[in-house]
Amino acid sequence: MTDQNIHAAEEHAHEEHEGMTRRKIWQVFGILLAITIVEFIIALWVLPGKHLSHGVGNCIYIVLTLLKAFYIVAYFMHLKFERVAFKTTIVAVLVLVIYFIILLLTEGTYLHVHMN
Amino acid sequence: MSTTAVSQLDEVKTGPWNGGKSPFSIEYGKIMMWFFLVSDAFTFSAFLIYYGAQRFSKITWPDPDLVFQSVPGLADAGYPLVFVGIMTFILIMSSVTMVLAVEAGHRNAKKEVIGWMIATVIGGLMFLGCQAAEWTHLHHEGFWWGSIPPVEELKHFFTEPVSEVSAQQFANLFFTITGFHGFHVFTGVLINIIILFMTISGTFARRGSYLMVEKVGLYWHFVDLVWVFVFTFFYLV
């Protein structure tokens, strides 16, 4: 049993060393910075210049935000390199957040129609 | 008759979930940090989703390009989103220095861990300073919990017709949500300082592992993660 534990620990340590190199860290930083710059270009040039409608702009913002969130969680927080069981444990519960978004935005829309 | 054949029930199982080893292959404290962060994610989601519900229910809302166009200390107006851009850059940067500290920890390079941790703490303090400046600026304009600028000044913050109710909801939610996030940054900085001193005093070098750096790193990245969402929904959308 202890052998297995030690083995698991070694394996884990090994996996982690493979996870993030300094090169990879700066790559992810570059991606995060690039996405943020794209968001600023949309906010300061594309939308004021009426090149896109605000609805489309907001959708792009949300997609870019989720992309940034993915890079932070997967690489900086190292979740991509954990076991599948652990990834599932952490990510699966977030379905409740999606459910809550649907519930409350429906409620907000209802109030928009009926209270204004 | 074969005596070596073992019944299927008696075979020793060696799968990850059959006991004797850690199925997730992660240290206990790190799993608990993850679970805490998941619960914290629910708290922030609740705040931001309520903010969304409020915005959906109102006909007009303060325009972020008009509300946030000052660079405290330099310019009062005319630079939309510049200051928050600086804040976002600082926080992403301090997240990077944090992973670099974790990476140095894997190599047991104490000096490098110390250097990157100091950089992370400085980044956190800079972010807090920026936030204090921004809060002060909005406060001087008349926004606070339960108070908004007079109606004739409110029109500077709306591109559409002015709504006092919306302005009030915006003020309350802005200070509550960025305040809760700022509180997380503040505690993160404190914890980072504690870990920095533990690194300097050689606690982790004696322990042979810099796992604690990874755990506070998770917390610090989470703070950055929340900011990504706050930034989108308060300043961009």
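Protein chains in written order, with the working numbering: chain A, 762 to 877; chain B, 644 to 880.
Note that CB positions come from ideal geometry on N, CA and C, so glycine has one too.
Which residues in the same chain have their Cβ closer than 8 Å to the Cβ of residue i, if we skip the five residues on either side of it in sequence?
| i | result |
| --- | --- |
| A/I767 | Only weak support exists for where A/I767 lies, its pLDDT of 47 falling under 50; the value from the coordinates is given anyway. Nothing meets the Cβ criterion. |
| B/G831 | G767, V859, Y862, W863, V866 |
| B/Y878 | P707, F711, L724, V727 |
| B/L838 | In the sequence on display, residue 838 of chain B carries Ile and not Leu. M760, M855, V856, V859. |
| B/I891 | Chain B is shown only over 644 to 880; residue 891 of chain B falls outside these bounds and no answer can be derived. |
| B/F701 | Note on identity: in this sequence residue 701 of chain B is Lys, with Phe being the wrong assignment. Here the set comprises S806, V808, S809, Q812. |
Give the range of the alpha helix (DSSP H) segment to which residue i is assigned.
| i | result |
| --- | --- |
| A/K785 | 783-802 |
| B/T819 | 807-843 |
| A/V807 | Element bounds for A/V807: n/a, residue is neither H nor E. |
| B/D867 | 854-873 |
| B/K591 | Outside the shown range of chain B, which is 644 to 880, sits residue 591 of chain B, and nothing can be said about it. |
| B/G662 | First-last for B/G662: undefined, no H or E at that position. |
| B/M730 | 725-749 |
| B/V794 | 794-797 |
| A/I818 | At residue 818 of chain A the sequence reads Gly, which differs from the Ile that was named. Run containing A/G818: 815-832, per the alpha helix (DSSP H) assignment. |
| B/T779 | 753-784 |
| A/G736 | The first residue shown for chain A is 762 and the last is 877, placing residue 736 of chain A beyond what the model contains. |
| A/T850 | 845-853 |
| B/A848 | 846-850 |
Show which residues of chain B have a CB atom less than 7 Å away from the CB atom of residue i.
| i | result |
| --- | --- |
| A/L865 | I692, Y693, G695, A696 |
| A/H812 | In chain order: nothing, as chain B lies at least about 15 Å away. |
| A/R844 | F667, S668 |
| A/R784 | Chain B residues near A/R784: none, gap ~10 Å exceeds 7 Å. |
| A/V834 | L868 |
Using a C-beta to C-beta distance shorter than 9 Å, which residues of chain B count as neighbours of residue i?
| i | result |
| --- | --- |
| A/G791 | Ordered by position in chain B, no residue passes the 9 Å Cβ test against A/G791, which lies about 10 Å from the chain. |
In its own chain, which residues sit with a C-beta less than 6 Å from the C-beta of residue i, not counting the 5 before and 5 after it?
| i | result |
| --- | --- |
| A/H775 | In this prediction, A/H775 has a pLDDT of 47, which is less than 50 and means its spatial position is unreliable; what the coordinates show is noted afterwards. Cβ neighbours of A/H775 beyond the five flanking positions: none. |
| B/A848 | K753 |
| A/T867 | none |
| B/L743 | W759 |
| B/C773 | M730 |
| B/W787 | none |
| B/P715 | A776, H780 |
Contact check, residue i vs residue j under 8 Å by CB: the rounded distance?
| i | j | result |
| --- | --- | --- |
| B/V871 | A/A830 | 6 Å |
| B/V856 | B/G748 | 4 Å |
| B/L816 | B/V805 | With a Cβ gap of about 18 Å, B/L816 and B/V805 do not count as contacting. |
| A/F790 | B/I761 | Rounded, the Cβ-Cβ distance is 18 Å, inconsistent with contact. |
| A/R784 | B/S668 | Incorrect: roughly 25 Å between the Cβ atoms, too far for contact. |
| A/I792 | A/Y832 | 6 Å |
| A/K848 | A/L840 | 6 Å |
With DSSP as the reference, please indicate the residues paired to residue i in a beta bridge.
| i | result |
| --- | --- |
| B/V714 | B/A718 |
| B/W787 | B/S790 |
Is there at least one Cβ from chain C nearer than 8 Å to residue i's Cβ?
| i | result |
| --- | --- |
| B/E796 | No chain C appears in this structure, whose protein chains are A and B. |
Starting from the beta carbon of residue i, find every residue of chain B whose beta carbon is closer than 8 Å, and list them in chain order.
| i | result |
| --- | --- |
| A/L830 | Before going on, a small fix: residue 830 of chain A reads as Ala here, not Leu. Those are L868, V871, F872, listed as they occur along chain B. |
| A/G869 | G695, A696, Q697, R698, F699, S700 |
| A/Y822 | T875, L879, V880 |
| A/V858 | A684, F685, S688, I692 |
Which residues of chain A have a Cβ atom closer than 8 Å to the Cβ of residue i, listed in chain order?
| i | result |
| --- | --- |
| B/L724 | F801, A804, L805 |
| B/I702 | H873, N877 |
| B/L743 | R783, I786 |
| B/E599 | Outside the modelled stretch of chain B, which goes from 644 to 880, sits residue 599 of chain B, for which no answer is possible. |
| B/I897 | No statement about residue 897 of chain B is possible, as the shown extent of chain B runs from 644 to 880 and does not include it. |
| B/V710 | Going along chain A, no residue has its Cβ under 8 Å from B/V710, so there is no contact; the nearest lies around 13 Å. |
| B/W759 | Here the premise fails: no neighbours, minimum Cβ distance about 11 Å. |
| B/T731 | T797 |
Excluding the 5 residues flanking residue i on each side, which residues of the same chain have their C-beta closer than 7 Å to its C-beta?
| i | result |
| --- | --- |
| A/T874 | Contrary to the premise, residue 874 of chain A reads as Val rather than Thr in this sequence. Counting only Cβ-Cβ distances below 7 Å, and skipping sequence neighbours, we find nothing. |
| B/M769 | I733 |
| A/D764 | Only weak support exists for where A/D764 lies, its pLDDT of 48 falling under 50; the value from the coordinates is given anyway. Nothing listed; no residue qualifies. |
| B/G672 | K858 |
| B/G851 | none |
| A/I796 | L825, L828, K829 |
| B/I836 | V764 |
| B/Q811 | I791 |
| B/F829 | L771 |
List the residues of chain A whose Cβ lies closer than 7 Å to the Cβ of residue i, in chain order.
| i | result |
| --- | --- |
| B/V681 | I851, V854 |
| B/T821 | Chain A residues near B/T821: none, gap ~16 Å exceeds 7 Å. |
| B/G728 | F801 |
| B/L861 | M838 |
| B/W677 | I851 |
| B/H864 | I833, F837, M838 |
Just the chain A side, please: which residues come within less than 9 Å of residue i by C-beta, in chain order?
| i | result |
| --- | --- |
| B/S738 | F790, L793, I833, F837 |
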